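A short write-up of the structure that comes next.
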């Protein structure tokens, strides 16, 4: 976390009102968190910081791409992501981040590090099922898809298996004649 000093926002010297902070997030950002699920990252994070007399309001928005493997074919592709998060910062006797949208800083605090919030917003904006766009439109050609096509169960075979032997049907009639 030592490499993330650029994400410190010193709010003591800022005037009341709205302030905009922009960050370009790359792979080195995630290396600081020891997160290696993304092969490459190109995300722009915009933070609107509104300073009021008794509290602060943060509005995080992200937009960009992360390079991840497809869950079906394991081919790498750039997955577009976007997300937003609102955070209210209040002051109290001690640090408290138990709530998702409210952060309480101690009275003596003079800056806030927003790296953790950007990290969580990017990671949570990636869908759990990551499918290459060429798989969904049917234009993807890969060994994994060919193998899945070979192993797919034919519907014709299942219809043949469902038809029963007529001798068993006669026995079933005996059970229902009671």
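Numbering (full-length UniProt numbering), first residue to last: 1 to 178.
Built from N, CA and C at the ideal position, the CB exists for glycine as well.
The model shown is predicted, which means the values in this text are computed figures rather than measured ones.
Give the DSSP bridge partners of residue i, in chain order.
i: residue 85; result: 60
i: residue 112; result: 9
i: residue 105; result: 91
i: residue 135; result: For residue 135, which the question treats as bridged, DSSP gives no partner whatsoever.
Would you call the CB atoms of residue i and residue j closer than 8 angstroms?
i: residue 110; j: residue 12; result: yes
i: residue 118; j: residue 30; result: no
i: residue 91; j: residue 105; result: yes
i: residue 39; j: residue 4; result: no
i: residue 88; j: residue 112; result: no
i: residue 131; j: residue 70; result: yes
Would you kindly work out how many angstroms separate the C-alpha atoms of residue i and residue j, rounded to a whole number?
i: residue 134; j: residue 55; result: 47 angstroms
i: residue 165; j: residue 171; result: 10 angstroms
i: residue 26; j: residue 153; result: 43 angstroms
i: residue 65; j: residue 42; result: 5 angstroms
When the Cα of residue i is compared with those of the options, which residue comes out closest?
i: residue 123; options: 83, 98 and 136; result: 83
i: residue 120; options: 150, 86, 76 and 108; result: 86
i: residue 28; options: 100, 6 and 101; result: 6
Inside the stretch 9 to 59 only - beta strand (DSSP E) runs reaching at least 3 residues: 17 to 25 and 40 to 51
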